[in-house]
Every structure is written in structure tokens, then in C-alpha cells.
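Engineer: Take this structure first; my questions come after.
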Ligand SMILES: [Zn+2]
């Protein structure tokens, strides 16, 4: 019985042929408000999943929310209360600006430096997108 349950679960979690390998699931930030702080639980993981540095995402989030934050054990602890909807929206904007190719909208991009200027290079279509600086 237990074994059968396990098999079922295994079967369900197997990706359908040709689907999962093609598709790249964009991560979502998992956050909640605790007292006067907001915790993004999967901060480091999400940055890694989209191949951007924690530092870069950190800069973006703190600038957009105009608050201070610290990274602890892969979590981002922000001063202030920011509801999950806002954090998700913020991350969606980040992805649009810094992760998804502006031409083909695929996430197969990397940030490279060209003549001292940072550009986002798409490995899917070859487009070079200018990268906005986060101050
Ligand atoms: Zn592209």
C-alpha cells in the first residue's frame, strides 16, 4: 500500500515527454510579513535560478522599495512591510528588465561586459540588450 502510493507519486512528478526540458519555469519569490519586517524566504535560490547574483537582485529590491535589507541564510530580511503581491510584482519587473531577453522573451540570457558597458546577451536569439544600471 505504502509502496504503491510512493510509485504513484513518482509517476505524477515525472515530467511529460518533451515538455519540462524545453520549458523553463521562472521562480517566484516566496515572501511574508513578520511584524515590521518582510522576509523573502527563497531569495538566494531565486537569484540562482535566474542566474543573477544575489547582490544584483538585492540592489534592485532595496532600491525599488527604498528600504534596507540583509541577507541571512539565503533569505532576504527587509525592513518594512511589503505584501507578497508587491514582492511578486517587483520580481516580475526584475525578470523583464534583467533576465528575459527583450527581443525573444526567453530567459536564456547572461550579463556580459562589452567595452566597459554591461549588456544582456541572449543565448537563444543572439540579441544584445542594454542593461539599466541600478544606482
Ligand atoms: Zn533572445
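Residue numbers (this note's numbering): 91 to 225.
Beta carbons: idealized from backbone N, C-alpha and C, even for Gly.
On a predicted model such as this, the values are computed, not experimentally measured, just so you know.
1) Any residue with its C-beta under 6 Å from a non-hydrogen atom of ligand 1 counts. Can you list them all in chain order?
2) Is the beta carbon of residue 219 less than 9 Å from the beta carbon of residue 165?
3) Is the stretch 176–195 in contact with the stretch 133–146, if contact means three or more CB pairs nearer than 8 Å?
4) In the DSSP output, which residue or residues are listed as bridge partners for residue 218?
5) Which first and last residues belong to the alpha helix (DSSP H) in which residue 178 is found?
6) By DSSP, does residue 199 sit in helix, in strand, or in coil?
7) Is the beta carbon of residue 162 less than 9 Å from the beta carbon of residue 180?
8) Can you give me the C-alpha to C-alpha distance between residue 169 and residue 119, rounded to a whole angstrom?
Structural biologist: In short:
1) Ordered along the chain, the selected set is 191, 193, 194, 196, 212, 214, 215, 217.
2) No. Outside cutoff.
3) Yes, since at least three Cβ pairs between the stretch 176–195 and the stretch 133–146 fall closer than 8 Å, the two stretches touch.
4) Partner(s): 211.
5) That run of the alpha helix (DSSP H) goes 174–188.
6) Strand.
7) Cβ atoms of residue 162 and residue 180: not closer than 9 Å.
8) The alpha-carbon atoms of residue 169 and residue 119 are separated by roughly 17 Å.
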